[in-house]
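To convert, take the position in the sequence shown, counting from 1, and add 124; that gives my numbering.
Cβ atoms here follow ideal geometry from the backbone N, Cα and C, with glycine treated the same way.
In this text, all values refer to a predicted model and were calculated from it rather than measured experimentally.
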Amino acid sequence: MSNLLSDFLSLLPGDPLLVGEVSSIADEIRIVTLPDGSTITAKGVAAVGQRVFIRGGVIDGIAPALTVVEILV
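Have a look at this one:
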């Protein structure tokens with residue numbers, strides 16, 4: 125018999141994939157500005173001005189410089 129709690133938790137989504145622009149660097153921490161204007165911190169390698177993908181506070185990679193479109197439902 126499976127554990128109901130672990131089955132339920134497996135249905136919940138993990139950390140979302142975010143995109144933003146590196147606005148500053150302090151030590152090894154990058155300050156990233158998201159499209160809505162809020163800022164978050166992330167660890168990883170990126171230069172100021174680069175657009176990056178972030179998941180769980182870690183830079184996943186460099187994002188293409190495309191126009192951001194927000195879809196409201």
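Measure the C-alpha to C-alpha separation of E152 and G161 and round it to an integer number of angstroms.
-> The alpha-carbon atoms of E152 and G161 are separated by roughly 22 Å.
Margin query: Could you tell me which whole beta strand (DSSP E) segments of length 3 or greater appear in the region 130-159?
Written below: For the region 130-159, the full-length beta strand (DSSP E) segments reaching 3 residues or more read 142-150, 153-157 along the chain.
Task: Nearest residue (CA-CA) to E145, options V172, V197, G168, V193 - done: Of the candidates V172, V197, G168, V193, the one whose C-alpha sits nearest the C-alpha of E145 is V172.
Please classify I149 as buried or exposed, where buried requires at least 16 neighbouring CB atoms within 10 angstroms. Classification for I149: exposed.
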